[in-house]
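*Asks:*
Numbering (our numbering), first residue to last: 313 to 1039.
(1) Take the Cβ of residue 521 as the centre, count every other Cβ of all protein chains shown within 10 Å, and call the residue buried at 16 or more, exposed below.
(2) Of the residues 992, 937, 1027, 749, which one's Cα is nearest the Cα of residue 1021?
(3) Where do the ends of the beta strand (DSSP E) carrying residue 748 lie?
(4) Within its chain, find whatever has a CB closer than 6 Å to the CB of residue 813; leave out the 5 residues flanking it on each side and keep chain order.
(5) Quick one: which unbroken beta strand (DSSP E) runs of 3-plus residues sit fully inside the region 483 to 555? Chain order, please.
(6) Quick one: any contact between the region 406 to 418 and the region 379 to 390, if contact means 3 or more CB pairs under 8 Å?
(7) Could you give the first and the last residue of the continuous beta strand (DSSP E) run that contains residue 590?
(8) State the CB to CB distance for the pair residue 858 and residue 348, rounded to an integer number of angstroms; the pair is presumed to be in contact (CB under 8 Å).
(9) Which of the three DSSP states is assigned to residue 722 in this structure?
(10) Rounded to the nearest angstrom, what separates residue 567 and residue 561 at their Cα positions?
(11) Just checking, does the region 428 to 441 make contact with the region 478 to 488 on the three C-beta pairs under 8 Å criterion?
(12) Assuming residue 468 and residue 487 are in contact, meaning their beta carbons sit under 8 Å apart, how far apart are those beta carbons, in whole angstroms?
(13) By DSSP, does residue 994 sit in helix, in strand, or in coil?
(14) What separation, rounded to the nearest whole angstrom, lies between the Cα atoms of residue 957 and residue 871?
(15) Measuring only the C-alpha atoms, how far is residue 453 from residue 534?
(16) Using only the alpha-carbon positions, how far apart do residue 996 and residue 1024 sit?
(17) Go ahead and pull the three-state DSSP assignment for residue 440.
(18) Mapping DSSP to helix, strand and coil, what is residue 948?
(19) In whole angstroms, give me the CA-to-CA distance for residue 357 and residue 369.
(20) Could you spell out where the beta strand (DSSP E) holding residue 569 opens and where it closes?
(21) Under 8 Å Cβ to Cβ from residue 531, same chain only, skipping five residues before and after it: list those, please.
(22) With a cut-off of 8 Å on the beta carbons, I'd call residue 598 and residue 621 a contact; round off their distance for me.
(23) To the nearest whole angstrom, what separates the beta carbons of residue 1003 and residue 1035, a pair I think is in contact under 8 Å?
(24) So, with DSSP's three-state summary, where would you put residue 1036?
(25) What residues in its chain sit with their C-beta under 6 Å from that of residue 848, if we drop five residues either side in the sequence?
(26) Here's the rule: buried if 16 or more other CB atoms are within 10 angstroms of the residue's CB, otherwise exposed. What is residue 1032?
(27) Look up residue 839 in the DSSP assignment and give the residues it is bridged to.
(28) Is residue 836 buried or exposed, if buried means 16 or more other CB atoms sit within 10 Å of its CB?
(29) How big is the Cα-Cα spacing for residue 418 and residue 519?
(30) What is the residue span of the beta strand (DSSP E) that residue 666 lies within?
(31) With H, G and I counted as helix, E and B as strand and the rest as coil, what does DSSP make of residue 363?
(32) CA-CA distance, residue 543 and residue 427?
(33) Sorted by chain position, which residues of the same chain lie with C-beta nearer than 6 Å to residue 1045's C-beta, five sequence neighbours on each side aside?
(34) Quick check: the Cα distance between residue 715 and residue 949, rounded to an integer number of angstroms?
(35) Taking 8 Å as the threshold, find out whether the region 737 to 757 comes into contact with the region 885 to 893 through three or more Cβ pairs.
(36) Roughly how many angstroms lie between the CA atoms of residue 785 and residue 333, to the nearest whole one?
If you want it as structure tokens, here you go:
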């Protein structure tokens, strides 16, 4: 066995604890916050509380300070606020009330100050204001009405000052301005005048100054300019029918930079990003497929950066994000699938950053966001589902922030935004639906990374917060004080939140313990913990706190200990074990356990009927009861109920062993008795066996195996389990 000194210890990780800001739509319903926008030192967004529909909400980052701002469309339909844009110290957006359709609205951050600006398309018709851009203290946007179609509009924030700028495609037809971008004190965008197709236009903010720059694709065909990006006093963009282009705002100064794809196909440049005073973008030269290209603005300086996926022409690189003097992006390779990449701008410096989901499965990173000198993003490592990740630009410092939706479930964090020195986002923890969350880095603590060897390791954590991985071998891992994340990985492992020999007085932080492969034995601590067995047959103990104890595959034994626990057996034949429940006589406590598998519940009450705790049981087939008076109700599966209360104590530390007690009278049967209840009369069931071990079979329940049960309760009465039952 490798001792504690052989393991690899690193000290550059962090312990993050995201917090639910507010369960806006109570329970497991989704409030689905969208359009998160920081305005006037508060966070504004659209959301639904389940009764008001999707409306405008505001938050100061606290639960109490997260409130509905204005129920614009009273009732359950919702006004659906979108495109929240700050202009002239107010918040502009589009929304619909019960009378006016989707129109232009404004808010000063108060309920009374949230008003319709103008009914552009009168009545219940929609104008769909969109593409908001600010130039020269005016708000430009696209909107439609029945007379002019979809055109370019302008507003000074008042009803009278909200006007059609120009009917580019005269009459009811649409010019459909797109990708409106401010450059050199003017607006550049794509639009169609009905003659030239969708081409490059410019506007100085006046009707006369709104003109076609160049008909890039002559005639009625479209060039559809997109991705406008400024570099060194020029505006670069891609077109759907050609290549990478540049303009200085004049017709003669609007030119193609390079014919990247010389075949009849086109390069379709996209995701144009400025990095190190150069343009980085995605293009297809006709032979490599979509790859990352770089340009200094000249034909000669426009080159393929690197053929990341030789021979593949499938997934396009994307999510370009500049961080720490490097450019991060996502890309596909044949060996690592879709993962996180990084470049310093050179071919040799363009590398896979980290294979988060090893092998042919993809982690599919997305939502790359820079916050507090770290890169946050979402990814799926194949074990924890799609969750929030963080990187300090080192591979070892790239880690899961938290498994918000425990296990393989996806929390799907989205809408990442920095507000008030914290990272806000939306996520679904599997219990509260999709809601608003936050991450406060001021509450994070350093984590010690400890990694075992391929052999049988004996690893002890520190008194701080540890992240321990056992690798292969049959490992014994003890977390020590602090909040720890422990992974046994392969092998038959023994994992403990603290030291196995001091469970009696352990009072550490919340921990996460996962056995992964192998037949594992896992001991939790006194706080709220996630205890997962992984594959094979595991024995899992929660001890104190409100724990999530999950068996995964295999035939597992789950013991939540004290607290309101959730026991998930998942695959295999799993047993909820309560045989170690301690009776200290404080309450004259011999009431035992009340288990109802059909309602996924196990409750314990003292003799005065005060509820002491309640567990939630899912996909549990068997139950081992206490040494008190237990009541069992099964479900439609084949169940096994053991009322004796014995357990193999050789695998348990002293803190888990039952203590002795003197039984007191006053319970229902005046003796220590276990009862199994069935719906139906006794004659509806077949009972076979002996008093110590017998089966009960019925058409609605399958075949239940009962051990050390004293009474059966049917609709027609209570029956003692004695020899006469089997005659």
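C-beta atoms are modelled at their ideal positions from N, C-alpha and C, and glycine is treated no differently.
In this text, all values refer to a predicted model and were calculated from it rather than measured experimentally.
*Replies:* In terms of the structure at hand:
(1) The residue labelled residue 521 in the question sits at position 209 within the chain shown. That one is exposed.
(2) Residue mapping note: residue 1021 aligns to position 709 of the chain shown, counting from 1. Of the candidates 992, 937, 1027, 749, the one whose C-alpha sits nearest the C-alpha of residue 1021 is 937.
(3) Your numbering for residue 748 matches position 436 in the chain shown. 746 to 751 is the extent of the beta strand (DSSP E) around residue 748.
(4) In the chain shown, residue 813 corresponds to position 501, counting from 1. With a pLDDT of 46 at residue 813, under the threshold of 50, the modelled position of this residue cannot be trusted; read the value that follows with caution. So no residue of the chain qualifies.
(5) 490 to 495, 498 to 504, 510 to 515, 522 to 526, 538 to 543, 546 to 550
(6) yes
(7) As a working note, residue 590 is residue 278 in the chain shown. Counting along the chain, the beta strand (DSSP E) containing residue 590 begins and ends at 590 to 596.
(8) Start at 1 with the first residue of the chain shown, and residue 858 comes out as number 546. Start at 1 with the first residue of the chain shown, and residue 348 comes out as number 36. Actually they do not touch by this definition, with Cβ atoms about 30 Å apart.
(9) Locating residue 722 in the chain shown gives position 410, counting from the first residue. It is coil, neither helix nor strand.
(10) Along the chain shown, read from residue 1 onward, the residue named residue 567 stands at position 255. Along the chain shown, read from residue 1 onward, the residue named residue 561 stands at position 249. Roughly 11 Å separates the two Cα atoms.
(11) no
(12) Here residue 468 is taken as the residue at index 156 of the chain shown, counted from 1. Here residue 487 is taken as the residue at index 175 of the chain shown, counted from 1. Contact doesn't hold; Cβ gap of about 22 Å is too wide.
(13) Position 682 of the chain shown, counting from 1, holds the residue named residue 994. Residue 994: helix per DSSP, three-state reduction.
(14) Working through the chain shown from its first residue, we reach residue 957 at position 645. Working through the chain shown from its first residue, we reach residue 871 at position 559. With a pLDDT of 41 at residue 957, under the threshold of 50, the modelled position of that residue is not reliable, and no figure is offered here.
(15) For the purposes of this step, residue 453 is taken as the residue at position 141 of the chain shown. For the purposes of this step, residue 534 is taken as the residue at position 222 of the chain shown. When rounded, the distance between both Cα atoms is 21 Å.
(16) On the chain shown, position 684 is the one that residue 996 refers to. On the chain shown, position 712 is the one that residue 1024 refers to. Those two C-alpha atoms are separated by around 13 Å.
(17) By 1-based counting over the chain shown, the position of residue 440 is 128. In the structure shown, residue 440 sits in coil (DSSP, three-state: anything other than H, G, I, E or B).
(18) Translated into the one-based positions of the chain shown, residue 948 becomes position 636. In this structure, residue 948 counts as coil in the three-state DSSP scheme.
(19) For this step, residue 357 is matched to residue 45 along the chain shown. For this step, residue 369 is matched to residue 57 along the chain shown. Distance between the alpha carbons of residue 357 and residue 369: 5 Å.
(20) Along the chain shown, one-based indexing puts residue 569 at 257. Note, residue 569: beta strand (DSSP E), 567 to 570.
(21) Taking the first residue of the chain shown as 1, we reach residue 531 at position 219. The residues are 508, 509.
(22) By 1-based counting over the chain shown, the position of residue 598 is 286. By 1-based counting over the chain shown, the position of residue 621 is 309. Going by Cβ atoms, the distance from residue 598 to residue 621 rounds to 15 Å, so no, they are not a contact pair.
(23) As a position in the chain shown, residue 1003 is number 691, starting the count at 1. As a position in the chain shown, residue 1035 is number 723, starting the count at 1. The pair is a contact, with the Cβ atoms about 7 Å apart (cut-off 8 Å).
(24) Here residue 1036 corresponds to residue number 724 of the chain shown, with the count starting at 1. Correct three-state label for residue 1036: helix.
(25) Within the chain shown, the letter at position 536 stands for residue 848. Closer than 6 Å at Cβ, skipping near neighbours: 830, 831, 866.
(26) As a working note, residue 1032 is residue 720 in the chain shown. Looking at its Cβ environment, which holds fewer than 16 other Cβ atoms inside 10 Å, residue 1032 is exposed.
(27) For the purposes of this step, residue 839 is taken as the residue at position 527 of the chain shown. DSSP, once it has assigned bridges, lists no residue as partnering residue 839.
(28) If you number the chain shown from 1, residue 836 lands on position 524. By the neighbour-count rule (16 or more Cβ atoms within 10 Å), residue 836 is buried.
(29) Counting from 1 along the chain shown, the entry for residue 418 is found at position 106. Counting from 1 along the chain shown, the entry for residue 519 is found at position 207. Near 25 Å, if we compare the C-alpha coordinates of residue 519 and residue 418.
(30) As a working mapping, residue 666 is identified with position 354 in the chain shown. It spans 663 to 666 - the beta strand (DSSP E) in which residue 666 sits, taken as one unbroken run.
(31) Numbered from 1 along the chain shown, position 51 holds the residue referred to as residue 363. If DSSP states are grouped into helix, strand and coil, residue 363 belongs with coil.
(32) Along the chain shown, one-based indexing puts residue 543 at 231. Along the chain shown, one-based indexing puts residue 427 at 115. The straight-line gap from Cα to Cα measures roughly 39 Å.
(33) One cannot answer for residue 1045 here, as it falls past the ends of the chain, which runs 313 to 1039.
(34) Looking up residue 715 in the chain shown gives position 403. Looking up residue 949 in the chain shown gives position 637. So the two alpha carbons sit approximately 31 Å from each other.
(35) no
(36) Mapped onto the chain shown, residue 785 falls at position 473. Mapped onto the chain shown, residue 333 falls at position 21. If you take the alpha carbons of residue 785 and residue 333, they lie about 41 Å apart.
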